[in-house]
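Counted from 1, the sequence shown has number 368 at position 207 by my numbering; the numbering is strictly sequential.
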Amino acid sequence: MEMRELGRSGLKVSPVCLGGNVFGWTADQKASFAVLDEFLGSGGNFIDTADVYSTWAPGHKGGESETVLGQWLKSRGNRDKVILATKVGSDMGQGRKGLKPPYIAQAVEDSLKRLQTDYIDLYQSHRDDLETPQEETLEAYGKLIKAGKVRAIGASNFTPERLAAALALSKNGLPRYESLQPEYNLYERAGYEKELEPLCAKEKVGVIGYFGLASGFLTGKYRSEADFAKSQRGEDMGQYFNERGFRILKALDQVAAETKSTPAQVAVAWLIARPSVTAPIVSATKLEQCQDLVKAMRLKLSAAQIEALNMASAA
Ligand SMILES: NC(=O)c1ccc[n+]([C@@H]2O[C@H](COP(=O)([O-])OP(=O)(O)OC[C@H]3O[C@@H](n4cnc5c(N)ncnc54)[C@H](OP(=O)(O)O)[C@@H]3O)[C@@H](O)[C@H]2O)c1
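The following block contains the structure:
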């Protein structure tokens, strides 16, 4: 397995990051453990979660995903084999949100407790906080790094301007965002490729895009409205049902046939092949889905196949 350095952090990660929002939500503890065992056992080491997962589910209050991950790390005794990423800043309710130093200091303790560990490899700002000066946030992260609670920091959902401003501040001794987590997949390209991609490439910021499979659309399992019932996520698939969406599926089918793989594997392999991308983040709720992810880590597309996918997905 080819491991990749995340930005300039020194962290070596697998070319796919396992998305954690499903743990304790659409994947119960047993299914989550099966997916996690398969991923780690097949050479993956990079796992992404957030304190806020899964507040949106009825009856949930946040922390469910971190809790399942903590139980898994404890039961397997494998903390040193995992590069663990989590996030702070999204709204946890009762005023718990944002990137102010006192809040970060509290939130990190809560995450560490749920994760049953004493350090986080990659601690990310889940979204920008325009009410808090970026220096203050970076200083707060600097204290956590100094205390050994965090190894590196990352940003998610930042505009190019705000990420560039944060990176400029880091040139004066503050810790640096070593990764960016934008939405990025074969269907959603422009938001990342236009300005964020050149910035990240120039500054050597690792890119770990989310929604690698467009929540399942790029697996090809949703081809008509009757397929929406296949999953809880089905109701959001209508947004991809247009000429371009189906053109992308056709190209994925073609390359999957050529490589004897699946559309899901090809969609992930296309992301892995993009020079600016360190590791796409993709989640799996079942063992078979995770096996697709694992195969994608080893699937090499030809230049002609990448070009065919680029053309099909061009806006
Ligand atoms: N930074 C942010 O703001 C942000 C936002 C969103 C997500 N994220 C991160 O990105 C991760 C990935 O996002 P996501 O899970 O929402 O979207 P995704 O990775 O695009 O979609 C994954 C979903 O597709 C389905 N799937 C996966 N492999 C499959 C296969 N081989 N065949 C058929 N279906 C398959 C599964 O859903 P079913 O259960 O429906 O089959 C799975 O949960 C999250 O876990 C999270 O860590 C970050």
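Ideal placement from N, C-alpha and C gives every residue a C-beta, glycine not left out.
In this model, arginine 459 and proline 359 are separated by some 26 Å (Cα to Cα). Per DSSP, reduced to three states, the secondary structure at arginine 459 is coil, with no helix or strand assignment. Within the model, the alpha-carbon separation for alanine 417 versus phenylalanine 372 is close to 20 Å. DSSP, reduced to helix, strand and coil, places valine 177 outside both helices and strands of the structure shown, so it counts as coil.
Within the same chain, and ignoring the five residues on either side of aspartate 453 in sequence, the residues whose Cβ sits closer than 7 Å to its Cβ are Thr423, Ala425 and Gln426. The shortest C-alpha to C-alpha distance from lysine 242 to any of Glu225, Ser203 and Lys222 is the one to Ser203. Cβ contact annotation for glutamine 295 (same chain, cutoff 7 Å, sequence separation greater than five): Ala326, Ala327 and Leu330, in chain order. Relative to ligand 1, glycine 181 has its C-beta within less than 7 Å of a heavy atom. In this model, leucine 410 and lysine 355 are separated by some 23 Å (Cα to Cα). Not one heavy atom of ligand 1 is found less than 7 Å from the C-beta of lysine 191. Secondary structure at alanine 211: coil, using DSSP grouped into helix, strand and coil. Contact between the region 436 to 443 and the region 397 to 408 is absent: fewer than three C-beta pairs spanning the two stretches fall below 8 Å.
Nearest C-alpha to arginine 275 among Thr247, Gln285 and Gln400: Thr247.
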